[in-house]
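So the structure is just underneath, and the comments pick up after that.
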Amino acid sequence: MPSLDFSKPLYALAPLAGFTDLPFRSVVKKFGVDLTISEMISSNALIHNSKKTHRMLERSPIENPYSIQIAGSDLEVIKRAVEIINEREDVTGIDLNCGCPAPKVVNNLQGSSLLTDLPQMAKVIETIKKYSNKEYTSVKFRLGFNEKNHVDIAKLCEEAGADYIAVHGRTRAGRYKAAVDYDALAEIKQHVRIPMFANGDIDSPQKAKWVQEYTGAEGVMIGRAAVGKPWIFRQIKEGMDEATPELIKEVVLEHFDQMIEHYDSYGAIIFRKNLHSYSKAGYSGASLFRNEVNTIEDPKQMRDVIESFFSQNFIGTT
Ligand SMILES: Cc1cc2nc3c(=O)[nH]c(=O)nc-3n(C[C@H](O)[C@H](O)[C@H](O)COP(=O)(O)O)c2cc1C
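Note that the numbering used here has the sequence shown beginning at 1357, numbered continuously upward.
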């Protein structure tokens, strides 16, 4: 039985560097997401034995299937990175990042800049496929670098051996602002046989259903909307209504506790950005709360402030 059953709609948590770490992914997993993926991991950092990078490979025991996303374009480096990942039995797939628009990534022919050198992109995919001992080799890409050439890219992924693709419906030039081109996603589906996750601006159960039907994609992938609302996957899959204040409080505290467990007391500081997102879910005094948590470093004090804020100030969804 394959780990991903593409015969029914699937829902994935998009990789978000700085957000989709192990604590967050395990919180989201409890709401039924079908696939979780690590943050983007530099293949260079991985082969140079960076301790921090190796920690980023770890998954929570409840994450299954779980993919590791790598970035890179040097075939020898990619091969060695794949061999390191091969040693981990708890990984289901290796995903190649061909979407990251950040200049420091793009300047090294990594992330979205691989879309400017399709022959090299094909070789990278072939290298992963050849050396990986994992069930899936997948590629996450944008519609193009400056111009859209999504159909060519998708066909190339298929021919190079990708088992599935995830497509963010913008070009690199469109960053995170251009309108997502769902027609282009639908066009891809008409030209390749491998399954596709459609991605970009999906922020509600209704939109998830619409995008899936409109594009014909086997799955949808959600990133930013899950950051403040990890329960969105239960809303999609089980028809859950809006989250209750009790549920939100429980989730925020559980997420916080996992952060402290994973990062020790530094987790309280990293968690500030998550509190900014959670507090947007319909709370009065949210901006004062955000200012306050920005000054707190002590985990116990942070937990008390979180508990008190999420017990009192709910005013409903905004
Ligand atoms: C803060 C942030 C970090 C991201 N990190 C990654 C990453 O590590 N790998 C990747 O493939 N895409 C990354 N993306 C892109 C997302 O996976 C996704 O394609 C994009 O946000 C569109 O989906 P959304 O509208 O559901 O968020 C990132 C996006 C954001 C906003």
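Idealized CB from N, CA, C, for every residue including glycine. Please read all numbers here as calculations on a predicted model, not as lab measurements.
- Between Leu1369 and Glu1395, the alpha-carbon positions lie close to 11 Å from each other.
- A straight-line Cα-Cα distance of about 46 Å links Glu1617 and His1547.
- By DSSP's assignment, Arg1549 forms no beta bridge with any residue.
- A Cβ-Cβ contact shorter than 8 Å links Leu1366 with Glu1574.
- Placement of the Cβ of Glu1395 at a distance of less than 7 Å from at least one heavy atom of ligand 1 is found.
- Taking 7 Å as the cut-off, one finds no heavy atom of ligand 1 near enough to the beta carbon of Asp1473.
- Lys1460 sits exposed, since fewer than 16 C-beta atoms from the chains shown fall within 10 Å of its C-beta.
- A distance filter of 7 Å between CB atoms and the heavy atoms of ligand 1 selects the following residues in sequence order: Ala1370, Pro1371, Leu1372, Ala1373, Gly1374, Phe1375, Glu1395, Met1396, Gln1425, Asn1453, Gly1455, Cys1456, Lys1496, His1524, Tyr1532, Asn1555, Gly1556, Asp1557, Ile1558, Met1577, Ile1578, Gly1579, Arg1580, Ala1581.
- In the DSSP annotation of this structure, the continuous segment of the alpha helix (DSSP H) that includes Met1477 starts and ends at 1474 to 1487.
- The shortest CA-to-CA distance from Arg1528 to any of Ala1564, Arg1444, Lys1485, Gly1455 is the one to Gly1455.
- By alpha-carbon distance to Ser1494, the top candidate from Ala1518, Lys1563, Lys1435 is Ala1518.
- In the pairwise beta carbon analysis, the stretch 1415 to 1424 is classified as not touching the stretch 1648 to 1664: fewer than three pairs are separated by under 8 Å.
- Within 10 angstroms of the beta-carbon of Arg1498 lie 16 or more other beta-carbons, which makes it buried.
- With respect to Val1607, Pro1586 sits close: the two C-beta atoms are nearer than 8 Å.
- The residue among His1410, Ile1441, Thr1571 with its C-alpha nearest the C-alpha of Ser1423 is Ile1441.
- Pro1379 and Phe1627 have their C-alpha atoms roughly 10 Å apart.
- Beta-bridge annotation (DSSP): Arg1498 is paired with His1524.
- Within the stretch 1585 to 1630, the alpha helix (DSSP H) runs of at least 4 residues that lie entirely inside it are, in chain order, 1588 to 1594, 1601 to 1619, 1622 to 1626.
- DSSP lists His1524, Met1577 as the bridge partner or partners of Asn1555.
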